[in-house]
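S.K.: Have a look at this one before I ask anything.
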Amino acid sequence: MNASASTRPDYSTYPRLTMAEARDAARQLIAMRGAGSTVDDVRLLSLQRFYAMEARLLDEERYQEWYELLADDLFYWLPLRQNRHRREGGDGADPDAMAFFDDCKADIAVRVGRLASGLAWTEDPPTRHVYVISNVEGFETGVAGELEVHSTFIQYRNRSEHDDATIVGRRRDLLRIAGDGYMIARRLVLVPQSVLLTKNLSVFF
Amino acid sequence: MTFNASSYVDPEFGSVDRRIFWSPEIYELELERIFARSWLFVAHESQLEKPGSFLTTYMGQDPVIVSRDAQGINVFLNSCPHRGNRVCFADSGESRQFTCNYHGWAFGLDGALKRMPKMGIYKATPGFRMEDWGLKRARVASYKGLVFANFDEAAPSLDEWLGDFRWYLDAVLDAEDGGTEFLPGGATRSVLNCNWKFPADNFVGDIYHALWTHLGGAEPTLGPHGGVKVENERSWHVSVNGHGWEFNDSFYGNAATMGDREVLRYMRSRQEAITKRLGEFRANMWGSVASSTIFPNFSFLPGYFTFRTFQPKGPTRTEIHAWTLVPRNMPDEIKDRFRRGSMRTFSPGGILEMDDGENWEHSTAVNAGWVTRHQRLCYAMNPQDEMAETGLAGNVRAGQLSDFNQREFYRQWMKMMDASSWQDIELAPVAGPAAEAVE
Ligand code: FES
Ligand SMILES: [Fe+2]
Numbered sequence: 010m011n012a013s014a015s016t017r018p019d020y021s022t023y024p025r026l027t028m029a030e031a032r033d034a035a036r037q038l039i040a041m042r043g044a045g046s047t048v049d050d051v052r053l054l055s056l057q058r059f060y061a062m063e064a065r066l067l068d069e070e071r072y073q074e075w076y077e078l079l080a081d082d083l084f085y086w087l088p089l090r091q092n093r094h095r096r097e098g099g100d101g102a103d104p105d106a107m108a109f110f111d112d113c114k115a116d117i118a119v120r121v122g123r124l125a126s127g128l129a130w131t132e133d134p135p136t137r138h139v140y141v142i143s144n145v146e147g148f149e150t151g152v153a154g155e156l157e158v159h160s161t162f163i164q165y166r167n168r169s170e171h172d173d174a175t176i177v178g179r180r181r182d183l184l185r186i187a188g189d190g191y192m193i194a195r196r197l198v199l200v201p202q203s204v205l206l207t208k209n210l211s212v213f214f
Numbered sequence: 019m020t021f022n023a024s025s026y027v028d029p030e031f032g033s034v035d036r037r038i039f040w041s042p043e044i045y046e047l048e049l050e051r052i053f054a055r056s057w058l059f060v061a062h063e064s065q066l067e068k069p070g071s072f073l074t075t076y077m078g079q080d081p082v083i084v085s086r087d088a089q090g091i092n093v094f095l096n097s098c099p100h101r102g103n104r105v106c107f108a109d110s111g112e113s114r115q116f117t118c119n120y121h122g123w124a125f126g127l128d129g130a131l132k133r134m135p136k137m138g139i140y141k142a143t144p145g146f147r148m149e150d151w152g153l154k155r156a157r158v159a160s161y162k163g164l165v166f167a168n169f170d171e172a173a174p175s176l177d178e179w180l181g182d183f184r185w186y187l188d189a190v191l192d193a194e195d196g197g198t199e200f201l202p203g204g205a206t207r208s209v210l211n212c213n214w215k216f217p218a219d220n221f222v223g224d225i226y227h228a229l230w231t232h233l234g235g236a237e238p239t240l241g242p243h244g245g246v247k248v249e250n251e252r253s254w255h256v257s258v259n260g261h262g263w264e265f266n267d268s269f270y271g272n273a274a275t276m277g278d279r280e281v282l283r284y285m286r287s288r289q290e291a292i293t294k295r296l297g298e299f300r301a302n303m304w305g306s307v308a309s310s311t312i313f314p315n316f317s318f319l320p321g322y323f324t325f326r327t328f329q330p331k332g333p334t335r336t337e338i339h340a341w342t343l344v345p346r347n348m349p350d351e352i353k354d355r356f357r358r359g360s361m362r363t364f365s366p367g368g369i370l371e372m373d374d375g376e377n378w379e380h381s382t383a384v385n386a387g388w389v390t391r392h393q394r395l396c397y398a399m400n401p402q403d404e405m406a407e408t409g410l411a412g413n414v415r416a417g418q419l420s421d422f423n424q425r426e427f428y429r430q431w432m433k434m435m436d437a438s439s440w441q442d443i444e445l446a447p448v449a450g451p452a453a454e455a456v457e
């Protein structure tokens, strides 16, 4: 190891989930279908503010600040979508299947590390991002301080001269109330494309 | 079109005409001369365990259904002979038959036409025979779990096509008792605006790019500029019929960049048994710093065990389909670590793969320029490439930093593009099992 290598973070000490915890989190996300009572308007407004702020951090590539919004027991999941016949259950996300993101907080730290390295040539010159967040719905979960929140997003990226990509999708979050704001404890990202019509997912949702 | 592939490729010095990455006419000829007569990967047997299980994929731009019936695995066109509609729209599943949405013609698991509405009218039609109107079948053969298909009746067998490359393939396909499987849940699929040959050529021999392209992705797990270590000591290129594998003898060099110590601990625990089974030389290929392409468009990376096809979708468009292969006997916990590890490195959201696609897209797109298109590309690295003194089968060259496998890939491309039939394409003779150990 060279000298500079010793300055790199030791990712093995970063927060991780066990395999069983991650699978439980995935099942919890699958089960989140907006069954609880809806939050009141004051709460809803504060959720909308939170998502607008989060979107702005991602627009501006303020990844370290965004990372601070993630709970230590984060499970962040972007499963594959498949074309399956309805008689076979259609397209249910499977916690044991391959995925595009199946991450705990330590994995997100590695991704942020790539973007922060100054060596990710495909992000230099920088990508220009716009996040649009809508259809925010909040539900009580029965656990004090925890909320189930559903939302939709449009994530538009453009870089270089003509490279552009639009990902539209739906998110299911489990948020924890933290003072005036929230921590993201679970996030399910459902992108409708079964073949991803873009070259990479060098981006967060 | 009058086309002379040898004027586009110089495999001796190492240069390639850029028009082969751009021209619609050349692409059309590739569909005919490369894809319609090569053995193309279509499935792993583990995806089709039960009779009735099926999946859909592509051979070139031809959509196909791969299905298992009581007799074995069948591959046939996914296009109805009645009016041509696509017959099956699911990626995979289980079925007793395939029924076309348009007029309801129904086909068996072997593609044969079984029935249709108002069947009596056809029965009474002079000259109409049910057996003439099934879904067009391809030849099918497999090698240690990997299923290939070929639409050309004149093509040599899969064994001849793979030739001595089989002996090297065993380093990932036959390292453990019980064979291998694909992890369940389908393929990650994504689209690149590039010519299909750029990713295939990258995997067949280009470790060189990893030293630069993947610096950002490797930094978090391997340290600043600590990136991928590539030496020309104890490393090789091997090429057979355009299939190529570049590798060193690090045993788990690729796997190390997944940044999962449990995976490395597990791989180390298997080293002795695998060495006993395969000999030291091939055992060291199991998860080493390496990449490989089976001509024309089926590639894999040992260590991450990502297996992928680069599906051609036009001269400047390619779809990547990727799976993760593991030894069947591997503990579930380790399989899960490979599932997540390969996803985090080599999927469209993987920290290493994210840096590749853009290069291939722009290497393709610049050829819109007429002047640009008429410049040749350089494949001249390490032209001395001495035949390595390994005593191993195939075309083995010493050193990993070399364009040797890429030159051989384009030599095979050139041979097939110039030949009007299989009679004019010569495959390498099969030397048989190579020496078990190399010092
Ligand atoms: S096109 Fe398939 S039944 Fe008519
Ligand atoms: Fe690469």
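Chains S and Y supply the protein sequences, listed in that same order.
Residues 10 to 214 in the working numbering are what the first sequence lists, from first letter to last.
Residues 19 to 457 in the working numbering are what the second sequence lists, from first letter to last.
For each residue, glycine too, the CB sits at the ideal point set by N, CA and C.
Just the C-alpha distance for Y:S97 and Y:S160, rounded to the nearest angstrom, thanks.
M.R.: If I take the Cα positions, the gap works out to 24 Å.
S.K.: Go to Y:N92, then tell me how far its beta strand (DSSP E) extends in each direction, as first and last residue.
M.R.: Looking at the DSSP string, the run of the beta strand (DSSP E) that includes Y:N92 is 90–95.
S.K.: Taking C-beta pairs closer than 7 Å, name the residues in chain Y that S:L94 reaches, listed in chain order.
M.R.: Rather than Leu, the amino acid found at residue 94 of chain S in this sequence is His. Result: A108, G111.
S.K.: Could you tell me the distance, in whole angstroms, from the CA atom of S:G122 to the CA atom of Y:R326?
M.R.: Cα-Cα distance, rounded: 27 Å.
S.K.: Name all residues in chain order for which at least one heavy atom of ligand 1 lies closer than 5 Å to the residue's CB.
M.R.: Here the residues come out as Y:C98, Y:H100, Y:R101, Y:N103, Y:C118, Y:Y120, Y:H121, Y:W123.
S.K.: By DSSP, does Y:G235 sit in helix, in strand, or in coil?
M.R.: Note: Y:G235 maps to helix in three-state DSSP.
S.K.: Three or more C-beta pairs closer than 8 Å, one from the stretch 81–98 of chain Y and one from the stretch 195–211 of chain Y: is that the case here?
M.R.: Short answer: they don't touch.
S.K.: Tell me the DSSP secondary structure of Y:S365 in three-state form.
M.R.: In this structure, Y:S365 counts as coil in the three-state DSSP scheme.
S.K.: Among residues of its own chain, excluding the 5 on either side of S:D112, which ones have a beta-carbon nearer than 7 Å to its beta-carbon?
M.R.: Taken in chain order, the residues that qualify are Y85.
S.K.: Span of the alpha helix (DSSP H) holding Y:V190?
M.R.: Its alpha helix (DSSP H) spans residues 183–191.
S.K.: Do you know how far the Cα of S:N167 is from the Cα of S:L156?
M.R.: Roughly 33 Å between the two C-alpha positions.
S.K.: Using a Cβ cut-off of 8 Å (strictly closer), state whether Y:M372 contacts chain S.
M.R.: With 8 Å as the cut-off, Y:M372 counts as an interface residue toward chain S.
S.K.: Could you tell me which whole alpha helix (DSSP H) segments of length 4 or greater appear in the stretch 126–162 of chain Y?
M.R.: List check, alpha helix (DSSP H) in window: 137–141.
S.K.: Within 10 angstroms of the Cβ of S:D173, are there 16 or more other Cβ atoms? Answer buried if so, exposed if not.
M.R.: Exposed, by the Cβ-count rule.
S.K.: Cβ atoms of Y:N211 and Y:E371: under 8 Å apart, would you say?
M.R.: No, these two residues do not count as a Cβ contact at 8 Å.
S.K.: What's the C-alpha gap between S:R180 and S:F148?
M.R.: Each residue's Cα considered, the two are about 14 Å apart.
S.K.: Which value, in whole angstroms, describes the spacing of the CA atoms of S:V200 and Y:D28?
M.R.: If I take the Cα positions, the gap works out to 44 Å.
S.K.: Alpha helix (DSSP H) containing Y:L201: first to last residue?
M.R.: Where Y:L201 is concerned, there is no enclosing alpha helix (DSSP H), given that its DSSP letter is neither H nor E.
S.K.: Would you say the beta carbon of Y:T231 comes nearer than 7 Å to a heavy atom of ligand 2?
M.R.: Yes, the beta carbon of Y:T231 sits closer than 7 Å to at least one heavy atom of ligand 2.
S.K.: Between which residues of its own chain and S:Y23 is the CB-CB distance below 8 Å, once the five residues before and five after are set aside?
M.R.: These residues qualify, in order along the chain: K114, A115, A118.
S.K.: Is Y:D374 near ligand 2, with its Cβ less than 7 Å from a heavy atom?
M.R.: Indeed, a heavy atom of ligand 2 lies less than 7 Å from the Cβ.
S.K.: When DSSP labels each residue in this structure, what does S:V119 get in the three-state scheme?
M.R.: Helix.
S.K.: So, is the C-beta of Y:L229 closer than 8 Å to a C-beta in chain S?
M.R.: Output row for Y:L229: interface = no.
S.K.: Under a Cβ-count criterion, where at least 16 other Cβ atoms within 10 Å of its own Cβ denotes burial, should S:V198 be classed as buried or exposed?
M.R.: The residue in question, S:V198, is buried, as its Cβ has 16 or more Cβ neighbours within 10 Å.
S.K.: If you count every other CB in all the chains shown that lies within 10 Å of the CB of Y:C118, and 16 or more means buried, which is it?
M.R.: When all chains shown are included, Y:C118 counts as buried.
S.K.: Apply the 10 Å Cβ neighbour rule to Y:M137 and answer buried if 16 or more other Cβ atoms are within range, or exposed otherwise.
M.R.: When all chains shown are included, Y:M137 counts as exposed.
S.K.: Per DSSP, S:L184 forms a beta bridge with which residues?
M.R.: S:L184 pairs with S:L156, S:I193.
S.K.: Can you determine whether any heavy atom of ligand 2 sits closer than 7 Å to the C-beta of Y:N220, and answer yes or no?
M.R.: At least one heavy atom of ligand 2 is nearer than 7 Å to the Cβ of Y:N220, so yes.
S.K.: Please state whether DSSP places Y:I225 in a helix, a strand or coil.
M.R.: Note: Y:I225 maps to coil in three-state DSSP.
S.K.: Residue range of the alpha helix (DSSP H) that S:L87 falls in?
M.R.: Careful: S:L87 lies outside any alpha helix (DSSP H), inside the beta strand (DSSP E) at 79–88.
S.K.: So what does DSSP say about Y:D354, is it helix, strand or coil?
M.R.: Helix, per DSSP.
S.K.: Taking 8 Å as the threshold, find out whether the stretch 393–400 of chain Y comes into contact with the stretch 355–365 of chain Y through three or more Cβ pairs.
M.R.: Short answer: they don't touch.
S.K.: The stretch 22–42 of chain Y: which residues have C-beta closer than 8 Å to a C-beta of chain S, in chain order?
M.R.: Correct list: empty, as no residue qualifies.
S.K.: Would you decide whether Y:F21 is buried or exposed? Buried here means 16 or more other CB atoms lie within 10 Å of its CB.
M.R.: When all chains shown are included, Y:F21 counts as exposed.
S.K.: Measuring only the C-alpha atoms, how far is Y:F265 from S:A31?
M.R.: Cα to Cα, Y:F265 sits roughly 34 Å from S:A31.
S.K.: Distance check for Y:A291 and Y:G70, CA to CA, integer angstroms please.
M.R.: Cα to Cα, Y:G70 sits roughly 36 Å from Y:A291.
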